[in-house]
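Okay, so here's the structure we're looking at.
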Amino acid sequence: MKNKLNRGRENKVYISLLLVAGLAFGVFFTSKTWMYDDSVIAQTSFNESIGGLSQTTLTLRDWEYNPKNKLMEVTLERNHTGTDAVEPTFSFYAKEQNESQKYNAELVYQSDNNMVVQIENVPESFQVIGLFVTEHRDQNILKQAYKKQLENKGDEITVTDQDIKESDLPEPEEVIVVGDYRKIDINQSLKTKTDKGYKKENIIADMERTKQEITTIIEEDIPFQEDLMTTLKEEKQSLKQDMAFETNEEQTNSKREIEQKDIAIEDAKSEIEKLKKRVKELRDKYQSREEKLNTLTQNKDDNQQQDNDKEDADNAKTDQQDDNNNAAKKDEK
48 MKNKLNRGRE NKVYISLLLV AGLAFGVFFT SKTWMYDDSV IAQTSFNESI
98 GGLSQTTLTL RDWEYNPKNK LMEVTLERNH TGTDAVEPTF SFYAKEQNES
148 QKYNAELVYQ SDNNMVVQIE NVPESFQVIG LFVTEHRDQN ILKQAYKKQL
198 ENKGDEITVT DQDIKESDLP EPEEVIVVGD YRKIDINQSL KTKTDKGYKK
248 ENIIADMERT KQEITTIIEE DIPFQEDLMT TLKEEKQSLK QDMAFETNEE
298 QTNSKREIEQ KDIAIEDAKS EIEKLKKRVK ELRDKYQSRE EKLNTLTQNK
348 DDNQQQDNDK EDADNAKTDQ QDDNNNAAKK DEK
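For the sequence shown, our numbering gives the first residue as 48, with consecutive numbering after it.
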């Protein structure tokens with residue numbers, strides 16, 4: 048009887064330990080979804096220029112993660128801002144913060160100014176991850192620059208490209224684009240797209256940014272300049288009225304202030320004209336992107352129609368063969 052009681056107590060202890068272990072396991076692996084994280088957000092700013100490369104200015108446009116297939120996708124805009132005649136190429140890899148393991152990062156799409164990089168096998172437990180972007184300048188350009196540098200130093204020895212060692216040339220430059228799990232969008236349907244899919248996605252994103260810039264200028268920037276002009280005109284009028292009761296010295300100062308306000312009013316007018324011109328440029332850009340998107344969609348529809356026509360033709364051919372076979376069987380009878 049006593050042994051049975053002891054075994055019963057032991058079983059309860061084991062069950063309790065298993066429950067505690069299971070609870071701890073659940074807390075550990077779901078803490079990102081419900082526990083408050085007050086650590087500093089380590090995220091590269093979206094839609095802002097990223098410095099650090101001599102030939103290229105990067106801008107982070109989008110960062111998504113699919114926990115189901117452990118796939119991460121980073122969209123970067125690149126602008127060639129250096130003096131090299133040949134644009135550089137890029138290589139990528141990724142690492143979690145304070146970890147040594149590298150994740151494979153592959154360029155899956157690029158256009159004139161966009162790059163889409165995918166990072167594979169990223170565990171759902173990640174906190175902060177860095178995408179390392181290395182800029183590789185054209186070797187011939189680097190060799191020419193090296194020879195010119197020797198000439199400027201006064202070296203009379205003729206150096207050929209074959210004489211130049213790789214160690215003589217500057218190392219490729221690298222920047223780290225950082226993603227924080229609190230700022231990375233979760234996309235359960237994220238997967239590798241076709242080139243057309245990425246192109247369409249980039250056009251739509253560019254149209255959205257253009258539309259937002261137009262809205263900001265019309266609803267914020269231009270009204271700000273108009274309000275500024277109104278305030279300046281009111282202050283100018285007030286100064287003119289006060290001059291009737293001022294001394295000669297005070298009137299001289301007031302005239303100087305009025306002149307300054309006239310200049311500020313003209314500057315505001317000029318700024319409004321620039322903003323209106325910018326709106327026109329942006330609307331033209333939006334229309335151009337819209338036409339590109341329509342063309343892309345139309346081509347897709349045409350391809351689908353061709354596939355449908357081919358399928359109809361194949362079906363008709365099959366039906367004709369069946370009719371011929373049936374007719375042949377009747378003749379045999």
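All C-beta atoms in this analysis are idealised placements derived from N, C-alpha and C, irrespective of residue type, glycine included.
In chain order, what residues of the same chain have a beta carbon less than 6 Å from the beta carbon of E111, not counting five sequence neighbours either side?
To locate residue 111, count along the sequence shown from 1; it is residue 64. E120, D232, N234 and L237.
Using a Cβ-Cβ cut-off of 8 Å (strictly less than) and excluding sequence neighbours within five positions of A23, which residues of its own chain qualify?
Outside the displayed range of the chain (48 to 380) lies residue 23, so it cannot be described from this structure.
Just the C-alpha distance for Y333 and K302, rounded to the nearest angstrom, thanks.
One-based indexing of the sequence shown puts residue 333 at position 286. One-based indexing of the sequence shown puts residue 302 at position 255. Computed Cα separation, rounded: 46 Å.
Could you check what DSSP says for G244 in three-state terms: helix, strand or coil?
Translated into positions along the sequence shown, residue 244 becomes position 197. If DSSP states are grouped into helix, strand and coil, G244 belongs with the helices.
Helix, strand or coil for S301? Go by DSSP, reduced to three states.
The residue labelled residue 301 in the question sits at position 254 within the sequence shown. Helix at S301.
Indicate the three-state DSSP secondary structure (helix, strand or coil) for L105 in the structure shown.
Position 58 of the sequence shown, counting from 1, holds the residue named residue 105. Strand at L105.
So what does Q165 bridge to, in DSSP terms?
Along the sequence shown, read from residue 1 onward, the residue named residue 165 stands at position 118. BP columns for Q165 point to E120 and E153.
Thinking C-alpha only, which one of M290, E320, E221 and K283 is nearest F139?
To locate residue 139, count along the sequence shown from 1; it is residue 92. Per the Cα distances, E221.
E337 to M254, Cα distance in whole Å?
Within the sequence shown, the letter at position 290 stands for residue 337. Within the sequence shown, the letter at position 207 stands for residue 254. One C-alpha to the other measures close to 8 Å.
Counting along the chain, where does the beta strand (DSSP E) carrying L178 start and finish?
Your numbering for residue 178 matches position 131 in the sequence shown. Segment V175 to H183, the beta strand (DSSP E) holding L178.
N160 and N116: beta carbons closer than 8 Å?
As a position in the sequence shown, residue 160 is number 113, starting the count at 1. As a position in the sequence shown, residue 116 is number 69, starting the count at 1. Not a contact, by the Cβ cut-off of 8 Å.
Given a cut-off of 8 Å on the beta-carbon distance, is the pair A152 and V133 in contact?
Along the sequence shown, read from residue 1 onward, the residue named residue 152 stands at position 105. Along the sequence shown, read from residue 1 onward, the residue named residue 133 stands at position 86. It is not a contact, given that the beta carbons lie outside the stated cut-off.
Give a yes or no on whether the C-beta atoms belonging to G322 and I261 are separated by under 8 Å.
In the sequence shown, residue 322 corresponds to position 275, counting from 1. In the sequence shown, residue 261 corresponds to position 214, counting from 1. Reading off the sequence, residue 322 comes out as Leu, not Gly. Their beta carbons are not under 8 Å apart, which means L322 does not touch I261 by this criterion.
For V326, which residues of its own chain have a beta-carbon under 7 Å away from its beta-carbon, when the five flanking residues on both sides are left out?
Your numbering for residue 326 matches position 279 in the sequence shown. The residues are I261, I264 and I265.
Within 10 Å of its beta-carbon, does A141 have 16 or more other beta-carbons around it, so buried, or fewer, so exposed?
Along the sequence shown, read from residue 1 onward, the residue named residue 141 stands at position 94. Per the 10 Å Cβ criterion, buried.
Between which two residues does the alpha helix (DSSP H) holding D274 run?
In the sequence shown, residue 274 corresponds to position 227, counting from 1. Unbroken alpha helix (DSSP H) run through D274: I269 to D289.
Give me, in chain order, the residues of the same chain whose beta-carbon lies closer than 7 Å to that of F173; leave out the 5 immediate sequence neighbours on both sides.
Walking along the sequence shown from the start, residue 173 turns up at place 126. Excluding sequence neighbours, F173 sits near E143 and Y228.
Specify the secondary structure class of W81 as computed by DSSP and reduced to three states.
Your numbering for residue 81 matches position 34 in the sequence shown. Low confidence applies here, because W81 scores a pLDDT of 46, under 50, leaving its location unreliable; read the following figure in that light. Note: W81 maps to helix in three-state DSSP.
Can you check which of these residues, K149, T106, Y156 and K190, is closest to D242 by C-alpha distance?
Position 195 of the sequence shown holds residue 242. If we check each option's Cα against that of D242, Y156 comes out closest.
Can you give me the Cβ contacts of D131 inside the same chain, cut-off strictly under 7 Å, excluding the 5 residues immediately before and after it?
The residue you call residue 131 lines up with position 84 of the sequence shown. Here the set comprises Q102, R184, D185 and I188.
My understanding is that K246 touches S335, with C-beta atoms under 8 Å, so please give their C-beta distance in whole angstroms.
The residue you call residue 246 lines up with position 199 of the sequence shown. The residue you call residue 335 lines up with position 288 of the sequence shown. Between S335 and K246 the Cβ distance is about 14 Å, and since that is not below 8 Å, they are no contact.
Measure the C-alpha to C-alpha separation of E198 and A192 and round it to an integer number of angstroms.
The sequence position of residue 198 within the sequence shown is 151, counting from 1. The sequence position of residue 192 within the sequence shown is 145, counting from 1. Approximately 10 Å, taken between the alpha carbons.
What does DSSP give as the partner residues of G226 in its beta bridges?
Reading the sequence shown from its first residue, position 179 is the one you call residue 226. Answer by DSSP bridge pairing, in chain order: I176.
Let me confirm a value: K195 is counted as buried when at least 16 other C-beta atoms fall within 10 Å, else exposed. Which label applies?
Looking up residue 195 in the sequence shown gives position 148. Per the 10 Å Cβ criterion, exposed.
Between the alpha carbons of S317 and T278, how many angstroms are there, rounded?
The residue labelled residue 317 in the question sits at position 270 within the sequence shown. The residue labelled residue 278 in the question sits at position 231 within the sequence shown. The alpha-carbon atoms of S317 and T278 are separated by roughly 16 Å.
Any heavy atom of the ligand FMN inside 7 Å of the beta-carbon of E220?
By its list of ligands, the structure shown contains no ligand whatsoever, and the ligand FMN lies outside what it can speak to.
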